[in-house]
Amino acid sequence: MEEIDKKRLPHHIAIIMDGNGRWAKKKNLSRIRGHIKGVNAVREVVTACRELGIKVLTLYAFSVENWQRPKGEVAALMGLLKEYLLKECEEMIKNHIRLCAIGRLEDLPVEVQTTLDEAIKKTQKCDGMTLNLALSYGGRSEILHAVRKIIFDLKKGKIKEEEIDELVFSKYLWTGELPDPDLLIRTSGEFRISNFLLWQIAYAELYVTETLWPDFNRKELLKAISDYQSRERRFGLTSEQINGIEE
30 MEEIDKKRLP
40 HHIAIIMDGN
50 GRWAKKKNLS
60 RIRGHIKGVN
70 AVREVVTACR
80 ELGIKVLTLY
90 AFSVENWQRP
100 KGEVAALMGL
110 LKEYLLKECE
120 EMIKNHIRLC
130 AIGRLEDLPV
140 EVQTTLDEAI
150 KKTQKCDGMT
160 LNLALSYGGR
170 SEILHAVRKI
180 IFDLKKGKIK
190 EEEIDELVFS
200 KYLWTGELPD
210 PDLLIRTSGE
220 FRISNFLLWQ
230 IAYAELYVTE
240 TLWPDFNRKE
250 LLKAISDYQS
260 RERRFGLTSE
270 QINGIEE
């Protein structure tokens, strides 16, 4: 904690939570046990982000591709999601955490949609931190959805073609109200983006750890933030420009 500069924290952290199945396999447990342990990691990381002062945390909880997994595993994951929302809602309100969600939410089971909607409504006035869950999410689907909305608004005359720039396009994405991630963390050592926030992470710092998600804790999060703070973010500029030194 002493190594963390509170003045240079990432405003938005996004995490690809990977490795639940491998964690379970290593311990000769069912994949479901790995997902259950993964929920504990979610709680710890959310708490740590809130205490640090991170403003936005986006968790890749369930992708559009995950629907292809065995039906029993998908059902268990939906059950864990509903249970998490029911158990954590009051805690989020208590700690001023606003919940929101992105993705093809209409794909979720009706009872999960209902529970999610209720949690979002109950926490909508919380202003301490935003917890953003990516559910039935895919980056390509999000971009296509934004394009369709823009075409619709063009036809309705709500927007002019010459008004469409990167800023306007960003507002049509599911994350339209959120800042782009500064730091993208992927657990389990895989060097893939996995169709996650393809537009938004254009300038995000990437951090990959071999740690499997169920073992990812406060200490691992601090290591990722410390690594982030050791980097120079140039956004296409030179080091001299960033530091105000003329070449």
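Under my numbering, the letters of the sequence shown match residues 30 to 276, in that order.
Ideal Cβ positions, reconstructed from N, Cα and C, are used throughout, including at glycine.
If you look at residue 62, you'll find it in the alpha helix (DSSP H) that goes 60 to 81. Taking 8 Å as the cut-off, the Cβ atoms of residue 212 and residue 166 do not count as close. By the neighbour-count criterion, in which 16 or more other beta carbons inside 10 Å mark a residue as buried, residue 91 falls on the buried side. In the three-state DSSP reduction, residue 220 falls in the coil class, being neither helix nor strand. Annotation for residue 111: 141, 144 place their beta carbon closer than 6 Å to its own, counting only its chain and skipping 5 residues before and after. Assignment of residue 129 by DSSP, reduced to helix, strand and coil, places it in the strand class. Residue 163 sits in a strand when the DSSP states are folded into three classes. Between the alpha carbons of residue 164 and residue 93 lies a distance of about 8 Å.
When C-alpha distances from residue 232 are compared across 42, 209, 134, 147, the shortest belongs to 209. Residue 51: member of the alpha helix (DSSP H) spanning 49 to 55, first to last residue.
Out of 101, 86, 168, the CA that lies nearest to the CA of residue 128 is found in 86.
As the crow flies, the alpha-carbon of residue 95 is around 12 Å from that of residue 137. Contact annotation: residue 248 and residue 158 have beta-carbon atoms that are not nearer than 8 Å. By the neighbour-count definition (other C-beta atoms within 10 Å, threshold 16), residue 235 is an exposed residue. Put simply, the backbone Cα of residue 178 is about 18 Å away from that of residue 227.
Within 10 angstroms of the beta-carbon of residue 125 lie fewer than 16 other beta-carbons, which makes it exposed. Residue 72 counts as exposed, since fewer than 16 other C-beta atoms from the protein chains shown sit within 10 angstroms of its C-beta.
The beta-bridge partner set that DSSP reports for residue 92 consists of 166.
DSSP places residue 236 inside the beta strand (DSSP E), whose first and last residues are 234 to 237. As a beta-bridge residue in DSSP terms, residue 215 pairs with 45, 237. A distance below 8 Å between beta-carbons, with the five flanking residues on each side excluded, links residue 130 to the following residues of its chain, in chain order: 145, 149, 161, 162, 163, 164.
Taking C-beta atoms as the reference points, residue 33 and residue 214 fail to come closer than 8 Å. Shown here for residue 63: same chain residues with a beta carbon closer than 7 Å to its own, the five before and five after excluded, namely 49, 50, 52, 53, 243 in chain order. Secondary structure at residue 137: coil, using DSSP grouped into helix, strand and coil.
Residue 188 sits away from residue 155, with the two beta carbons spaced by 8 Å or more. Cβ-Cβ separation between residue 224 and residue 169: approximately 6 Å, consistent with a contact (criterion under 8 Å).
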